[in-house]
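J.: One structure, as structure tokens, below. Some questions next.
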Amino acid sequence: MNPEGLTIRDVRKTFGAFQALSDIQIDIPKGKFTCLLGPSGCGKTTLLRIISGLERPDSGTVLLGGRDITPLPAAKRNFGIVFQSYALFPNMTVSANIAYGLKGKIPRRDVEAKLDEMLRLMDLEAIRDRYPSQISGGQQQRVALARAVALSPEVLLLDEPLSALDAKVRVKLREELCLLQQRLGITTVMVTHDQEEALTMADRIIVMDHGQVVQIGTPQEVYDRPNTPFVADFIGAINFFPVQEKNNPLYAMRPEHIIIAPDGAEDAMDDGFRSFRAVVQHIEFRGAFYRISLLPIDENGSAAVTAVTVDVSAQVAQQYRLERDTVMTLQLPADRLLQYPPKAVGAYAEARP
Amino acid sequence: MTRTDSSARIDSQPQLPPDNRGPAPGSRIQRTFERFRRSWGTAEWIQAAALLTMLLLLTVLIILPLISIFKQAFLTVDGSYAGLAYFQTYLESPALLQSLQNTVFVSFMTTIIAVPLAFLLAYVLTRTDIRGKSLYKAAALLPLFAPTMMHGIGLTYLFGHQGLISTGFFGWLPFELRIPLYGPVGIIISEVIYTFPQAFLILTAALSISDYRLYEAAETLGANKLKKLFTVTLPSVKYALMSAIIVCATLSFTDFGAPKVVGGQFNVLATDIFKQVVGQQNMALGAVVSIVLTLPAVLAFVIDRIVTRRQQAYVTSRSTPYAVRPHRMRNGVAHTYAGLIALAMLTLLAAVVTASLVKVWPYQMTFSWDNYKFTDSAAGGFAPFWNSLRMAAITAVIGTFITFLFAYLIEHIRILPLVRQAGYFLSIMPLALPGLVIGLAYIFFFNDPGNPLNVIYGTMSILVLANIAHFYSVPFMTATTSLKMMDKEFENVSLSMNVSWLRSFMRITLPLSLPAIMEMAIYFFINAMVTVSAVIFLYGADLKLASVAIVSMDDAGDTAQAAAMSVLIICTNLIVRLLYEAYSARIRHKTVAWRER
Numbered sequence: 001m002n003p004e005g006l007t008i009r010d011v012r013k014t015f016g017a018f019q020a021l022s023d024i025q026i027d028i029p030k031g032k033f034t035c036l037l038g039p040s041g042c043g044k045t046t047l048l049r050i051i052s053g054l055e056r057p058d059s060g061t062v063l064l065g066g067r068d069i070t071p072l073p074a075a076k077r078n079f080g081i082v083f084q085s086y087a088l089f090p091n092m093t094v095s096a097n098i099a100y101g102l103k104g105k106i107p108r109r110d111v112e113a114k115l116d117e118m119l120r121l122m123d124l125e126a127i128r129d130r131y132p133s134q135i136s137g138g139q140q141q142r143v144a145l146a147r148a149v150a151l152s153p154e155v156l157l158l159d160e161p162l163s164a165l166d167a168k169v170r171v172k173l174r175e176e177l178c179l180l181q182q183r184l185g186i187t188t189v190m191v192t193h194d195q196e197e198a199l200t201m202a203d204r205i206i207v208m209d210h211g212q213v214v215q216i217g218t219p220q221e222v223y224d225r226p227n228t229p230f231v232a233d234f235i236g237a238i239n240f241f242p243v244q245e246k247n248n249p250l251y252a253m254r255p256e257h258i259i260i261a262p263d264g265a266e267d268a269m270d271d272g273f274r275s276f277r278a279v280v281q282h283i284e285f286r287g288a289f290y291r292i293s294l295l296p297i298d299e300n301g302s303a304a305v306t307a308v309t310v311d312v313s314a315q316v317a318q319q320y321r322l323e324r325d326t327v328m329t330l331q332l333p334a335d336r337l338l339q340y341p342p343k344a345v346g347a348y349a350e351a352r353p
Numbered sequence: 001m002t003r004t005d006s007s008a009r010i011d012s013q014p015q016l017p018p019d020n021r022g023p024a025p026g027s028r029i030q031r032t033f034e035r036f037r038r039s040w041g042t043a044e045w046i047q048a049a050a051l052l053t054m055l056l057l058l059t060v061l062i063i064l065p066l067i068s069i070f071k072q073a074f075l076t077v078d079g080s081y082a083g084l085a086y087f088q089t090y091l092e093s094p095a096l097l098q099s100l101q102n103t104v105f106v107s108f109m110t111t112i113i114a115v116p117l118a119f120l121l122a123y124v125l126t127r128t129d130i131r132g133k134s135l136y137k138a139a140a141l142l143p144l145f146a147p148t149m150m151h152g153i154g155l156t157y158l159f160g161h162q163g164l165i166s167t168g169f170f171g172w173l174p175f176e177l178r179i180p181l182y183g184p185v186g187i188i189i190s191e192v193i194y195t196f197p198q199a200f201l202i203l204t205a206a207l208s209i210s211d212y213r214l215y216e217a218a219e220t221l222g223a224n225k226l227k228k229l230f231t232v233t234l235p236s237v238k239y240a241l242m243s244a245i246i247v248c249a250t251l252s253f254t255d256f257g258a259p260k261v262v263g264g265q266f267n268v269l270a271t272d273i274f275k276q277v278v279g280q281q282n283m284a285l286g287a288v289v290s291i292v293l294t295l296p297a298v299l300a301f302v303i304d305r306i307v308t309r310r311q312q313a314y315v316t317s318r319s320t321p322y323a324v325r326p327h328r329m330r331n332g333v334a335h336t337y338a339g340l341i342a343l344a345m346l347t348l349l350a351a352v353v354t355a356s357l358v359k360v361w362p363y364q365m366t367f368s369w370d371n372y373k374f375t376d377s378a379a380g381g382f383a384p385f386w387n388s389l390r391m392a393a394i395t396a397v398i399g400t401f402i403t404f405l406f407a408y409l410i411e412h413i414r415i416l417p418l419v420r421q422a423g424y425f426l427s428i429m430p431l432a433l434p435g436l437v438i439g440l441a442y443i444f445f446f447n448d449p450g451n452p453l454n455v456i457y458g459t460m461s462i463l464v465l466a467n468i469a470h471f472y473s474v475p476f477m478t479a480t481t482s483l484k485m486m487d488k489e490f491e492n493v494s495l496s497m498n499v500s501w502l503r504s505f506m507r508i509t510l511p512l513s514l515p516a517i518m519e520m521a522i523y524f525f526i527n528a529m530v531t532v533s534a535v536i537f538l539y540g541a542d543l544k545l546a547s548v549a550i551v552s553m554d555d556a557g558d559t560a561q562a563a564a565m566s567v568l569i570i571c572t573n574l575i576v577r578l579l580y581e582a583y584s585a586r587i588r589h590k591t592v593a594w595r596e597r
């Protein structure tokens, strides 16, 4: 169990005929940054809303430090929430927004002090008397964050907090958010559909799909050893190597792990499957590296339909003078090869017709 | 290229003729005209002509009649300047000042009763998930379909000397429930019934677009229900609340129908105007009272314009709709409240209908059609009803046509911005003008023998024109909103494909605006059916109207016949409305494909 942090047991939720969450079991460690990651409609936001108390589960329990908080309404939980588009009170200034939850809970003198502390912490002092419509998206985000943490909540919940911002601001705020979380040491749960965000920010990632938890682990674990073809495909880029025969496992490998070598190069492992010839179809310049798509060629010299993508450094690409129609040999190192049981092949094929 | 050009200009500057440095004031007009002549094609000249015709028409319909009111108030009969003499007469008349005080009192009381009642009902119908909302809503909107005299008549049958409730259900109950109906109490109750649906509509619109995210944010910050009400709900409907207050205050300040029926000896400004003009033929004093009546309305109008402009910024595209959580106790309270309001409205209507269908209330409560024969001299038979129907139909057709055309001209033409702004201002101004003032202004203006338009005095035309002027603003705003929602790109597409303006108007603009156009026509029709204030000065001897007939029958003591006429009006309006609903349901069904993305 998880006596310190948040524990979720057997949580189910349906909306009409739609099963939004089925049998969720999660332990969220205290003081850590946890990401709920998944495609839209996977139930991650519903789970966050259940944790916050804004939504009731059909069954199951939510425990905080071993205490059952399932029946508590949101107002009684003392959780801070940052909504997707902030939901700042448009009729209140930045200060009034931040002080909203403080008033009536702590003595008036302390409200002022706490407010000043928050404004300083979030670097909002210059705009304290502005209204939400008068400040930028990034500033609104910081106000929403300040408002959420002002009450020193036990848990901070973030619902896609960066999705409404443009790319530059998003990267900057990502870092700020992580620093703030570490500084306050507050248990944080963030919902996102952006795998890059999850990989860069989280201590732990919980991958969800179709209302179920698919994998839980550190970003490295989830990236290097994805549990299912879905996770492998959703996080980062991946090549699948479907084998026609039944009851054969599904193999997969990330583009940066495939070794590219000149045509006819010796296969170090001497294993027919793991080394094959392929013809370059397209070269994509990605700045730091090239992403090459190649079509595997069989013994008769005819090319397959599904391309394999390989990431190579600029140095390697220049060394082999890669261009369209060059034939190369690709090698799949065994220690990086991912393997899924035959059952998963069907699931994978179903997901991608 | 640019560089050589500018250096050449510096070189040649001393030789430039002096008038090229800046336009001389005299030549500016000439050059502007030149610019028009060069850049305007036939289309622009036609557009300019259309805009100027529109401005001229609005001036004749609104500005010139208003000027004639001022002439009456500031000039003596022989045309010399009277200064403030008539106003002084007004201020020295204690009876008239008493009316002013009475009117303010009625308006104030109506507002503080009607707005909270309407707010509660709007809240109950937008923020709970009770069943039968559309029925409650329909009951609350019933007064919109009736002339204001009907509320007064209904009240006399409930709380009058022989009223159902005042006599304790004709002595069935052991006690009586008498209230001093004739006077302020009756007027205030009538005005509350009259203004209630207006406030209800404004507040419902505002409450149904509030942003649910804010409630969730407040909830997670530990706010209780009361705090949410004061920090989220009320601020989000603040401007609508002010708008509702203004509308209730203005309507009850200027209403004529209800005080005429249940006012008794309690005079208000609207009845004063009527007495001065019709009773004593004192036109000048009538004009002065009109101005006194209009001033607060104009002030309210200005405040309302400022307020509505600020309202728009509140809701963003990211807002999420309000989600109602199940709550049995709350729903019980909601049902009770909405049910009581519906019951009150229906009881009032039922009293009027019953009274019109019995021989002699309350002595001979047997069924009879006699009251619908309108045989007494005050009634004048069925003619007034047909006249009203004809007037309402013509007003609806011509009014809708003119209003939509003007809205289109102002919205879609790009030239002459000043003319368009003037047109817009004149189009929303009638909102501030009480019906009585428009009626009075029209007599002064059209009854002037020197006016070439004098021929329409006493005809159907003047009634239709007065109605169009009176009710012009709301349909104008409906049309403008509808036209604004339409993508301007459509027109550019048509232009680029060389489709004629007329074709794109007929094929795109008109079909897309059809719901708005129907809504406008209905508004004109219903209001023309129920109005009494503007037309009471204008109807010709052989062109008596149903609403006017109600006033005269009630005056003559034929209250049951007045009730019957009211029932005819409300039935006509309900039938028209239901036909429209059926039609629009069919249209929605037919066009659902392109309305849903």
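Residue numbers (UniProt numbering), protein chains in the order written: chain H, 1 to 353; chain G, 1 to 597. Glycine included, every Cβ here is placed at the ideal spot set by N, Cα and C. Just so it is clear, the structure is predicted and the values come from calculations on it, not from any experiment.
1) So, residue 300 (chain G) versus residue 250 (chain G), is the Cβ gap smaller than 7 Å?
2) Tell me, which residues are paired with residue 399 (chain G) by DSSP?
3) Okay, do the stretch 215–232 of chain G and the stretch 82–94 of chain H touch, 3+ Cβ pairs below 8 Å being the bar?
4) Assign residue 588 (chain G) to one of two classes, buried (16 or more other C-beta atoms within 10 Å of its C-beta) or exposed (fewer than that).
5) Is DSSP giving residue 266 (chain G) helix, strand or coil here?
6) Does residue 282 (chain H) pass the burial test, meaning 16 or more other C-beta atoms within 10 Å, or should it be called exposed?
7) Answer with buried or exposed for residue 218 (chain H), where buried requires no fewer than 16 other C-beta atoms within 10 angstroms of its C-beta.
8) Per the contact definition of three or more C-beta pairs closer than 8 Å, is the stretch 193–202 of chain G in contact with the stretch 134–144 of chain G?
9) Would you mind telling me which residues of chain G sit closer than 7 Å to residue 91 (chain H), beta carbon to beta carbon, in chain order?
10) For residue 153 (chain G), count neighbouring Cβ atoms within 10 angstroms of its own Cβ and tell me buried if that reaches 16, exposed if not.
11) How is residue 222 (chain H) classed by DSSP in three states: helix, strand or coil?
12) Could you please give me the residues that DSSP links to residue 297 (chain H) through a beta bridge?
13) Against chain G, which members of the stretch 10–44 of chain H pass a CB distance test of less than 8 Å?
14) Mind checking the stretch 199–213 of chain G against chain H and listing, in chain order, the residues whose C-beta falls within less than 7 Å of any C-beta there?
15) Residue range of the beta strand (DSSP E) that residue 35 (chain H) falls in?
16) State the Cα-Cα distance for the pair residue 544 (chain G) and residue 59 (chain G), rounded to the nearest angstrom.
17) Can you tell me where the alpha helix (DSSP H) with residue 97 (chain H) in it begins and where it stops?
18) Does any CB atom of chain H fall closer than 7 Å to the CB of residue 221 (chain G)?
19) Using a Cβ cut-off of 8 Å, pull out every chain B residue sitting near residue 74 (chain H), in sequence order please.
20) Note down, in chain order, all residues in the stretch 294–309 of chain G with a beta-carbon under 9 Å from any beta-carbon belonging to chain H.
21) Going along the chain, which unbroken runs of the beta strand (DSSP E) with 3 or more residues stay wholly within the stretch 303–388 of chain G?
22) Is any beta-carbon of chain G found at less than 7 Å from that of residue 290 (chain H)?
23) Leaving out five residues on either side along the sequence, give the residues of the same chain with a beta carbon under 7 Å from the beta carbon of residue 539 (chain G).
24) Cutting at 7 Å between CB atoms, please list the residues of its own chain near residue 354 (chain H), excluding the five before and the five after it.
25) Leaving out five residues before and five after residue 20 (chain H) in sequence, what residues of the same chain have Cβ atoms less than 7 Å from its Cβ?
26) Any beta-carbon of chain G closer than 7 Å to the one on residue 101 (chain H)?
27) Going by beta carbon distance, what residues of the same chain come within less than 6 Å of residue 169 (chain H), once the five residues before and after it are set aside?
28) Are the CB atoms of residue 320 (chain G) and residue 213 (chain G) nearer to each other than 7 Å?
29) Taking buried to mean at least 16 other C-beta atoms within 10 Å of its own C-beta, is residue 524 (chain G) buried or exposed?
30) Under 6 Å from any heavy atom of the ligand ZN, does the C-beta of residue 222 (chain G) make it?
31) Helix, strand or coil for residue 590 (chain G) per DSSP?
32) Along chain G, which residues have their Cβ under 8 Å away from the Cβ of residue 87 (chain H)?
33) State the Cα-Cα distance for the pair residue 22 (chain G) and residue 417 (chain G), rounded to the nearest angstrom.
34) One question on the structure: do residue 334 (chain G) and residue 124 (chain G) come within less than 7 Å of each other, judged by their Cβ atoms?
35) Report the partner residues of residue 252 (chain H) according to the DSSP bridge assignment.
36) What is the DSSP secondary structure of residue 210 (chain H), counted as helix, strand or coil?
T.: Looking at the atomic coordinates:
1) yes
2) Note: residue 399 (chain G) sits in no beta bridge, so no partner.
3) yes
4) exposed
5) coil
6) exposed
7) exposed
8) yes
9) 235
10) buried
11) helix
12) H:277, H:303
13) none
14) 213
15) 33–37
16) 28 Å
17) 94–99
18) yes
19) Of the chains in the structure shown, none is chain B; the protein chains are H and G.
20) none
21) 358–360, 364–367
22) no
23) 463, 545, 548
24) No information on residue 354 (chain H) is available, as it lies outside the stretch 1 to 353 that chain H covers here.
25) 13, 14, 43, 46, 211
26) yes
27) 138
28) yes
29) buried
30) You won't find the ligand ZN in this model; it holds no ligand whatsoever.
31) helix
32) 211, 213, 214, 216, 217
33) Residue confidence for residue 22 (chain G) is low, a pLDDT of 44 falling below 50, so the modelled location carries little weight; the figure read from the coordinates is stated next. About 24 Å.
34) yes
35) H:240, H:338
36) coil
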